[in-house]
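If you're matching them up, the sequences are chains A and Y in order. Heads up: the first sequence begins at 1 in the working numbering, then just goes up one per residue. Heads up: the second sequence begins at 1001 in the working numbering, then just goes up one per residue. What follows is a set of notes on a single structure, which appears directly below.
Protein chains: 2
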Amino acid sequence: MDKKSTNKTDISTLGEFGLIEHLTQKIKHVNTGTRTGVGDDAAVLSYPEKEVLVTTDLLLEGIHFNLVYTPLKHLGYKSVVVNLSDIYAMNGQPKQITVSLGISSRFHLEDIDALYEGIHLACETYGVDLVGGDTSSSLTGMAISITALGEAQKEKIVYRNNAKKGDIICVSGNLGGAYLGLQLLERERKIFEEDYNIKPQLGGYEYIIGRQLKPEARKDIVERLSENSILPTSMIDISDGLSSDIMHITKNSGCGCKINSEKIPLVEETIKTAEEFNMDPLTAALNGGEDYELLFTVNKKDIEKVSELKDIYVIGQITDRKAGNQLVTPEGNSISLKAQGWKHQ
Amino acid sequence: MDKKSTNKTDISTLGEFGLIEHLTQKIKHVNTGTRTGVGDDAAVLSYPEKEVLVTTDLLLEGIHFNLVYTPLKHLGYKSVVVNLSDIYAMNGQPKQITVSLGISSRFHLEDIDALYEGIHLACETYGVDLVGGDTSSSLTGMAISITALGEAQKEKIVYRNNAKKGDIICVSGNLGGAYLGLQLLERERKIFEEDYNIKPQLGGYEYIIGRQLKPEARKDIVERLSENSILPTSMIDISDGLSSDIMHITKNSGCGCKINSEKIPLVEETIKTAEEFNMDPLTAALNGGEDYELLFTVNKKDIEKVSELKDIYVIGQITDRKAGNQLVTPEGNSISLKAQGWKHQ
Chain A
1 MDKKSTNKTD ISTLGEFGLI EHLTQKIKHV NTGTRTGVGD DAAVLSYPEK
51 EVLVTTDLLL EGIHFNLVYT PLKHLGYKSV VVNLSDIYAM NGQPKQITVS
101 LGISSRFHLE DIDALYEGIH LACETYGVDL VGGDTSSSLT GMAISITALG
151 EAQKEKIVYR NNAKKGDIIC VSGNLGGAYL GLQLLERERK IFEEDYNIKP
201 QLGGYEYIIG RQLKPEARKD IVERLSENSI LPTSMIDISD GLSSDIMHIT
251 KNSGCGCKIN SEKIPLVEET IKTAEEFNMD PLTAALNGGE DYELLFTVNK
301 KDIEKVSELK DIYVIGQITD RKAGNQLVTP EGNSISLKAQ GWKHQ
Chain Y
1001 MDKKSTNKTD ISTLGEFGLI EHLTQKIKHV NTGTRTGVGD DAAVLSYPEK
1051 EVLVTTDLLL EGIHFNLVYT PLKHLGYKSV VVNLSDIYAM NGQPKQITVS
1101 LGISSRFHLE DIDALYEGIH LACETYGVDL VGGDTSSSLT GMAISITALG
1151 EAQKEKIVYR NNAKKGDIIC VSGNLGGAYL GLQLLERERK IFEEDYNIKP
1201 QLGGYEYIIG RQLKPEARKD IVERLSENSI LPTSMIDISD GLSSDIMHIT
1251 KNSGCGCKIN SEKIPLVEET IKTAEEFNMD PLTAALNGGE DYELLFTVNK
1301 KDIEKVSELK DIYVIGQITD RKAGNQLVTP EGNSISLKAQ GWKHQ
């Protein structure tokens, strides 16, 4: 947080209604389905021909984000993106979001403005309208709750429960970076907190830090698949790590999987950083999470088409339920995958 | 909170996915527009013929509720109801909700079950489906974020900005009770915290305490108006107090109002309790909030029809913008209304 808080504007000078007015005055809608947004008891939207997709996320300071190393603009951007990612993971197009905010007295108007700058930027980037929300005080820290609504043609919606034996497992982008970015930020935070004179050493890690602090949702992948007439049989976005997320697909689809460890896409910076932390980069890819890449399955007939697409990687195959969820090493060893959700603190 | 926490189940014994499974296993959908709910990246809903209404609220422990005197089941119920109330205030029918929860380690499985019992009861009472959400840990306290979706015929949606000079101002139920219920609970909490041997004296105040802890949304009023072919010209639910809420209508509609103070509906228990607190009961009605009654305007031609309806009261008239927002006493004195939103703590 900024130390020069004496130059900042106390939110109480605006009051609740003044704050809402301040935060909503810049809002412009781009979607024709957005009839009315902020300013009434509820927003009014129109979805006459397509299905409505709805997803929601609650982000709490100290659990989901640490403001010591997370710029508020990035936080606003990421909070929106993680929700849009869920809409893309259904093969849908996000259209609207609502944002609810709880803020303690430690935050000033300039902080909230920075957060909303990121929120507006994400809306602009992804063509989404901010249509509602709620702002209140909190006793401690910041709470951000975002709900995203999107649309999809009924026949084009991709669920988690429709993968079939023989289907090809694909993933976009690369994995493990967001997790290692977080490890790095946490390491530098601890060093900095022990000695405020030591400056964080983050040079050369820009990519993975960006993966952690400012992820993107894979709108481009959904579009690329559609342009190439590939309709995945199942899809999910990678928020918990490849291991947990493929197991959401196999569990819901009643099947198993075989992932080829050497096919899991990793970039140089991820591998290098993992080595620094004495960690197998695959562990970061499998259990790290927050990469917000798309993990999906396609019918075997589409393997050639999908293999040619930019930034999409074939990493395995759907198997029988009885075969379980297996990671196969280049040496041919099979290791059972394990799911790791959050643990209650 | 229950003192016998040793007999309770630690949430960590279930893990994230176990908890989600536990909380979602009892869910049944009643609306045909709910295609799929919990269990994928997003819920899939269908709104082919009507407009979609969306509203959201974030409730934080210590700000919006105090668990010392709020049973978790009631809290779950109220959290849903305050959102449904916003949908009714648009003259819509709520259809789905999503629930996101942040819980600190102080809460056990039995607590979360009690909260969800109230959430499910509200869903059942109002015919709403629970279609999604998110559960995570929090550093301190409980955070509940609920989004409600509903439907309304385009021509039947009632906004805040369409009240016209000459329209009749109506309110349902009675006002001020929820606020005085809160004052009472707060008074007994303070006495109890000073001396744990003194039992709270809440006998004879059951009605207003119920108004605070377990409010209802006025589905019946929306239905009654519709059955009697009355389409309000503007509507809002009373969450901030009559004063603030009528001013949302007049500000958005570009007009003023004249409220007859003696017409504001108050019940005996509210008046009696206000006297105990040396407070004018009208102050509780005007500035208290949380009554979740409907405040609406109708065309003058509907005054007879609306006057005959059960539990609906004519309290004033819409005037010119220049006339401002006035409260008129029985003696004929005019007092300017003031809006009071939350103040940042």
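Glycine included, C-beta positions come from ideal geometry on N, C-alpha and C. Model, not experiment: these values are computed from the prediction.
Beta-carbon spacing of residue i, residue j below 8 Å
i, j, result
"Ile1157 of chain Y", "Val131 of chain A", "no"
"Leu1149 of chain Y", "Val1052 of chain Y", "yes"
"Glu1135 of chain Y", "Thr56 of chain A", "The identity of residue 1135 of chain Y in the sequence shown is Thr, whereas the question assumes Glu. Contact flag unset, no."
"Ser239 of chain A", "Glu290 of chain A", "yes"
"Gly256 of chain A", "Thr250 of chain A", "yes"
"Ile236 of chain A", "Ala89 of chain A", "yes"
"His74 of chain A", "Gly118 of chain A", "yes"
"Tyr292 of chain A", "Ala217 of chain A", "yes"
"Ser243 of chain A", "Asn287 of chain A", "yes"
"Ile1264 of chain Y", "Asn1325 of chain Y", "no"
"Thr1233 of chain Y", "Asn1174 of chain Y", "no"
"Ile27 of chain A", "Ile169 of chain A", "no"
"Ser172 of chain A", "Asp311 of chain A", "yes"
"Leu282 of chain A", "Arg224 of chain A", "no"
"Ser104 of chain A", "Ser138 of chain A", "yes"
"Ile1198 of chain Y", "Val1298 of chain Y", "no"
"Leu1084 of chain Y", "Lys1008 of chain Y", "no"
"Gly1018 of chain Y", "Asn252 of chain A", "no"
"Val1267 of chain Y", "Tyr1207 of chain Y", "yes"
"Arg1160 of chain Y", "His1064 of chain Y", "no"
"Leu23 of chain A", "Tyr116 of chain A", "yes"
"Gln1366 of chain Y", "Glu1151 of chain Y", "Examination of residue 1366 of chain Y is not possible in this model, given that chain Y is present from 1001 through 1345 alone."
"Ala1285 of chain Y", "Gly1176 of chain Y", "yes"
For residue i, the residue or residues it bridges with in DSSP
i, result
"Gln1317 of chain Y", "Y:Ile1168 and Y:Lys1258"
"Phe1192 of chain Y", "DSSP, once it has assigned bridges, lists no residue as partnering Phe1192 of chain Y."
"Ala1152 of chain Y", "Y:Glu1051"
"Gly1133 of chain Y", "Y:Val1099"
"Ser336 of chain A", "A:Gln326"
"Val298 of chain A", "A:Ile168"
"Ser145 of chain A", "A:Leu58 and A:Ser100"
"Pro1200 of chain Y", "DSSP output for Pro1200 of chain Y lists no bridge partner at all."
"Ile1312 of chain Y", "Y:Ser1172"
"Gln1093 of chain Y", "Y:Glu1151"
Chain Y contact residues for residue i, given Cβ-Cβ distances below 7 Å
i, result
"Thr34 of chain A", "By Cβ distance, chain Y contributes nothing, its closest Cβ being about 10 Å from Thr34 of chain A, past 7 Å."
"Leu149 of chain A", "Val1054"
"Arg218 of chain A", "The premise fails here: Arg218 of chain A is roughly 12 Å from chain Y at the closest Cβ pair, so nothing lies under 7 Å."
Beta-carbon neighbours of residue i, restricted to chain A and to distances below 7 Å
i, result
"Leu1045 of chain Y", "Glu51, Val52 and Val54"
"Ile1236 of chain Y", "Asp41"
"Pro1048 of chain Y", "Pro48"
"Arg1106 of chain Y", "Per Cβ cutoff of 7 Å: no residues; Arg1106 of chain Y is ~11 Å from chain A at best."
Neighbouring residues, chain Y, relative to residue i (Cβ below 8 Å)
i, result
"Met90 of chain A", "Asp1040, Asp1041, Ala1042 and Val1044"
"Ser100 of chain A", "Thr1056, Asp1057, Leu1058 and Ser1145"
"Arg321 of chain A", "The premise fails here: Arg321 of chain A is roughly 18 Å from chain Y at the closest Cβ pair, so nothing lies under 8 Å."
Neighbour list for residue i in chain A, Cβ cutoff strictly below 8 Å
i, result
"Ser1229 of chain Y", "Residues of chain A passing the Cβ test: none, with the nearest at roughly 22 Å."
"Ala950 of chain Y", "An answer regarding residue 950 of chain Y cannot be provided, because it is not within the stretch 1001 to 1345 covered by chain Y."
"Asp1086 of chain Y", "Asp41 and Ala42"
"Ile1157 of chain Y", "Val44"
Heavy atom of the ligand GTP within 7 Å of residue i beta-carbon
i, result
"Arg1106 of chain Y", "With respect to small molecules bound, the structure shown includes none, and the ligand GTP cannot be examined in it."
Under 9 Å by beta carbon: chain A residues contacting residue i
i, result
"Thr1140 of chain Y", "Gly62, Leu139, Thr140 and Gly141"
"Arg1189 of chain Y", "None at all; the shortest Cβ gap to chain A is about 16 Å."
> When Cβ atoms are compared, which residues of the region 53-80 of chain A fall closer than 8 Å to chain Y?
Replying inline: Cβ contacts with chain Y come from Leu53, Val54, Thr55, Thr56, Asp57, Leu58, Leu60, Glu61, Gly62, Ile63 and His64.
> Which runs of the alpha helix (DSSP H) spanning at least 4 residues fall entirely within the region 215-293 of chain A, listed in chain order?
Replying inline: Within the region 215-293 of chain A, the complete alpha helix (DSSP H) runs of at least 4 residues are 219-227, 242-253, 268-276 and 281-287.
>> Against chain Y, which members of the region 277-297 of chain A pass a CB distance test of less than 7 Å?
In response: Answer set for the region 277-297 of chain A: empty.
>> Give me the subset of the region 1108-1137 of chain Y whose CB atoms are less than 8 Å from a CB atom of chain A, sorted by chain position.
In response: So the list reads Val1131, Gly1132, Gly1133, Asp1134, Ser1136 and Ser1137, given in the order they occur along the chain.
> What runs of the beta strand (DSSP E), each 3 residues or longer, lie entirely inside the region 18-80 of chain A?
Replying inline: Along the length of the region 18-80 of chain A, whole beta strand (DSSP E) runs at least 3 residues long occupy 34-36, 43-45 and 51-60, reported in chain order.
> Using a Cβ cut-off of 9 Å, which residues of the region 1174-1185 of chain Y contact any Cβ in chain A, in chain order?
Replying inline: Per Cβ criterion, the list is empty.
>> Under 8 Å, CB to CB, which of the residues in the region 247-262 of chain A have a partner in chain Y?
In response: So the close ones are Asn252.
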